[in-house]
Amino acid sequence: MAAGIKIASRSSSVSLTSDRRNSDRAYDFILENMSKSDIHEITQDSLQEDVELAKQYRAKSEGVWGPVSDEVWMEYVLPPKVATEAYTPWRKDFHEKYWAKASKYTDAGEAVKFLNEQVFKDLNVSYMKEYPGHKPDQNWMESTKLHHASCTGLSIMLVSACRSVGIPARLAMTPAWVTGSEAEDCKHGLSDEDQNHSWVEVLLADGKWHYIGASEPSEFDQTWFTDQAAKAIPSSSESFKNSIYAVSFKPTEFVMPAPWNREKEISVVEVVERYTQKA
1 MAAGIKIASR SSSVSLTSDR RNSDRAYDFI LENMSKSDIH EITQDSLQED
51 VELAKQYRAK SEGVWGPVSD EVWMEYVLPP KVATEAYTPW RKDFHEKYWA
101 KASKYTDAGE AVKFLNEQVF KDLNVSYMKE YPGHKPDQNW MESTKLHHAS
151 CTGLSIMLVS ACRSVGIPAR LAMTPAWVTG SEAEDCKHGL SDEDQNHSWV
201 EVLLADGKWH YIGASEPSEF DQTWFTDQAA KAIPSSSESF KNSIYAVSFK
251 PTEFVMPAPW NREKEISVVE VVERYTQKA
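Next comes the structure, spelled out in structure tokens:
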């Protein structure tokens, strides 16, 4: 077990009083896997509405891009939050704004690229590392009000937009890039010893996860950080920080401090092999 990572310990049996005791797999999945903090943050009415919307939108999206397994849909489309951001409803807003145009693309990957270009333009949100009111894990509403977001905030927005139209998406990240010479690190903006980065992965028709930088027009799996990601080091008993992970809503074997706010914890799955195999 890597230093700094602990074996699963986010509670997955928190109960929320509910009148809905009939079998509703989607609603039950959320209740069973929500963190304690989310249970206290998200009201029952808001959660029920979000689940119902997700179910309605699923039927529409599968009519365009084909079926998604229950397991994938519940983990990477259904959750009310992407990572550690404060909860605010997003599914209906994004769906009503972008479904009509996104659904014109018969290829889900093209729909994602459309969203990646259009969402940030429409909401006038751009990358900035530090600015007044900055929070690294802003939700979409906070980013819209401030007109700026970190790589994590931008990724939260794009994942939310993708999920709103039924495309499985998740936030991927590294706690720290592997760095080399000081001069080269500074040249590429990697001079901070613990320089973390976040981006987005989407599951496409080929059944594989593909990555793209939020608010960074590019093809899938071809970004400015592709070569940097190829240098990532799988986690070990000595260190976990130079590997690559995807955030999981459901508790996993590994729980770590969120790189963007180490007072918060996230459950993750290690996905480094897909990046280093491209080297």
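Under UniProt numbering, the first residue of the sequence shown is numbered 1, with each subsequent residue one higher.
Cβ coordinates follow ideal geometry from the N, Cα and C atoms, glycine included.
Just list the residues that DSSP pairs residue i with in beta bridges.
| i | result |
| --- | --- |
| T88 | Bridge partners of T88: none, in fact. |
| V247 | V268 |
| M256 | I266 |
| N261 | A258 |
| H148 | S126 |
Since residue i and residue j are thought to touch, with beta carbons under 8 Å apart, how far apart are those beta carbons, to the nearest angstrom?
| i | j | result |
| --- | --- | --- |
| S215 | L154 | 5 Å |
| A176 | E201 | Not confirmed; about 19 Å, so no contact. |
| A26 | K55 | 6 Å |
| A205 | T84 | 30 Å between Cβ atoms; not a contact. |
| R91 | L53 | 5 Å |
| V51 | L78 | 7 Å |
| W136 | W224 | Inspection of the sequence shows that residue 136 is occupied by Pro rather than by Trp. Rounded, the Cβ-Cβ distance is 20 Å, inconsistent with contact. |
| V112 | I212 | 7 Å |
| E117 | P217 | 6 Å |
Cutting at 8 Å between CB atoms, please list the residues of its own chain near residue i, excluding the five before and the five after it.
| i | result |
| --- | --- |
| Y131 | L146 and H148 |
| G109 | V202, L204, A205, H210 and F220 |
| V247 | V82, A83, R170, L171, A172, M173, I266, S267 and V268 |
| Y127 | H148, A149, S150, C151, L154 and S215 |
| T144 | L123, N124 and V125 |
| residue 296 | Here the chain covers residues 1 to 279 and nothing more, so residue 296 does not appear. |
Output needed for residue i: all residues of its chain with C-beta closer than 6 Å, excluding positions within five of it in sequence on either side, in chain order.
| i | result |
| --- | --- |
| L47 | none |
| D107 | none |
| C151 | H197 and S198 |
| H188 | Bear in mind that the predicted position of H188 carries a pLDDT of just 48, short of 50, making it too unreliable to give a figure here. |
| N139 | E85, A86 and T88 |
| G66 | none |
| F29 | M74 |
Return the chain-ordered list of same chain residues with a C-beta closer than 7 Å to the C-beta of residue i, the five sequence neighbours on each side being excluded.
| i | result |
| --- | --- |
| Y275 | A229, A230, A232 and I244 |
| K81 | D38 and Y87 |
| L115 | Y98, A102, L158, A161 and C162 |
| E263 | none |
| F249 | N33, E75 and P79 |
| N22 | Any reading at N22 needs caution, since the residue's pLDDT is 42, under 50, leaving its predicted position unreliable; the model's value is listed next. Answer for N22: no residue qualifies. |
| Q195 | A176 and W177 |
| T252 | A8, S267, V268 and V269 |
| What are the complete alpha helix (DSSP H) segments, minimum 4 residues, inside the stretch 152-239? | List check, alpha helix (DSSP H) in window: 182-187 and 226-229.
| How about the stretch 159-166 and the stretch 265-273: do they share at least three Cβ pairs that are nearer than 8 Å? | Too few Cβ pairs lie closer than 8 Å, so no.
| Where are the alpha helix (DSSP H) runs, 4 residues long or more, that stay fully inside the stretch 119-146, in chain order? | Taking only runs of at least 4 residues, the alpha helix (DSSP H) segments lying wholly in the stretch 119-146 are 140-146.
| query | Whole alpha helix (DSSP H) runs in the stretch 41-100 with 4 or more residues, listed along the chain? | reply | Taking only runs of at least 4 residues, the alpha helix (DSSP H) segments lying wholly in the stretch 41-100 are 44-65 and 70-76.
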